[in-house]
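Order-wise, the sequence lines are chains X and D. According to the numbering used here, the first sequence is numbered sequentially starting from 1. According to the numbering used here, the second sequence is numbered sequentially starting from 1001. Since the structure comes first, as structure tokens, the remarks are kept for the end.
Protein chains: 2
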Amino acid sequence: MQQLDHTFAALADPTRRAILARLALGEATVGELAEPFEVSLPAISKHLKVLETADLIIREKRAQQRVCKLKPEALKTASDWIEQNRRMWEERFDRLDAYLRELQSKETDNGNG
Amino acid sequence: MQQLDHTFAALADPTRRAILARLALGEATVGELAEPFEVSLPAISKHLKVLETADLIIREKRAQQRVCKLKPEALKTASDWIEQNRRMWEERFDRLDAYLRELQSKETDNGNG
DNA sequence: GTTGCATTTAACCGCTTGGTTATTTAACCT
DNA sequence: AGGTTAAATAACCAAGCGGTTAAATGCAAC
């Protein structure tokens, strides 16, 4: 799924995760978002475009400013993928674990403990 | 957290996600993993290194082969980050929603509905 | 309408990435 | 030792990324 590509790629950058964390506290302008970082404004603007492409935020005009807000849908998609796979993995490990225990008990029966 | 960088970056590639999905069905050799894809073996080998660096899999020697297995810990880390943030986001949206409803009721009181 | 502010776009740079083919390493089997 | 198989490494390439500075855009306010 191409949506997942964008979402995970967007989340792979610490600056972008920090921006998202900031936005979880409330909407903010580009300037406000840029302020805590030591990079230029165009760099932040690019990060915001990545987040927007990943559907993680929306930007809307307000006078001269662009106000950014979270858009949780994409995060849900990513979360669903991870959780679904985590369950599969754990089932797999449970089966493996059961198998190993079974093996162990057989070895014990043979006196190979 | 640098671990998250690696994990999310690893998950951002569809080939790598497919490899993980395959491994959820059980361990596999590099050749077996490469088989369904139309890319060269070295390409798969690189993907596996990325997954290994992200702590999503381990590779162990078995005769001439390298057997790959899932390693769920890193996925847990990523899952935790997403879920934690999702909760924050949703709280935020709940508060916003409550605020908007409050606003709405005030406007209605003023007859501006 | 021009000055000023907030942001984006353009053009560029160095590094990484995902891919290739060719070569090397490692382990097994005679 | 020699040959075969499985996988990794080397060397390379084109494209993408995250950053920069400089220029352009959009809007407001005088």
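Note that beta-carbon positions come from the ideal geometry of N, C-alpha and C, so glycine has one too.
Decide if L127 of chain X is buried, meaning its Cβ has at least 16 other Cβ atoms within 10 Å, or exposed. Here chain X covers residues 1 to 113 and nothing more, so residue 127 of chain X does not appear.
Cβ contact check for the region 1072-1084 of chain D and the region 68-86 of chain X: 3 or more pairs under 8 angstroms: yes
Using a Cβ distance threshold of 8 angstroms, determine whether the region 1061-1070 of chain D contacts the region 53-66 of chain X, with at least three qualifying pairs required. no
Inside the region 1002-1053 of chain D only - beta strand (DSSP E) runs reaching at least 3 residues: none
Within 7 angstroms, strictly: CB atoms of A24 of chain X and D1005 of chain D: no
Just curious, the beta strand (DSSP E) that L135 of chain X is in, first and last residue? Nothing can be reported for residue 135 of chain X: it is not among the residues displayed for chain X, which extend from 1 to 113.
So which residues of chain X does I1082 of chain D contact, with C-beta pairs closer than 7 angstroms? L75, A78, S79 and I82
Chain-ordered chain D contacts of G26 of chain X [CB-CB under 8 angstroms]: R1092
Residues of chain X with CB closer than 9 angstroms to the CB of L1048 of chain D, please, in chain order. Going along chain X, no residue has its Cβ under 9 angstroms from L1048 of chain D, so there is no contact; the nearest lies around 17 angstroms.
What are the residues in the region 1003-1022 of chain D lying within 9 angstroms of chain X by C-beta distance? L1004, D1005, H1006, T1007, F1008, A1009, A1010, L1011, A1012, D1013, P1014, R1017, L1020 and A1021
For W1071 of chain D, which three-state DSSP category applies? The sequence given here places Lys at residue 1071 of chain D; Trp does not occur at that position. Note: K1071 of chain D maps to coil in three-state DSSP.
How about L51 of chain X: is its C-beta nearer than 7 angstroms to some C-beta of chain D? no
Assigned secondary structure, Q64 of chain X (DSSP; H/G/I helix, E/B strand, else coil): coil
Report the residue from X:T15, X:E90 and X:I82 whose alpha carbon sits nearest the alpha carbon of E38 of chain X. X:T15
Proximal residues to A117 of chain X (C-beta, below 8 angstroms), its chain only, five neighbours per side dropped: Outside the displayed span of chain X (1 to 113) sits residue 117 of chain X, for which this structure offers no information.
Using a Cβ-Cβ cut-off of less than 7 angstroms, give me the residues of the region 57-72 of chain X that come near chain D, in sequence order. L70 and P72
Quick check on the burial criterion: 16 or more other C-beta atoms within 10 angstroms. Buried or exposed for L33 of chain X? buried
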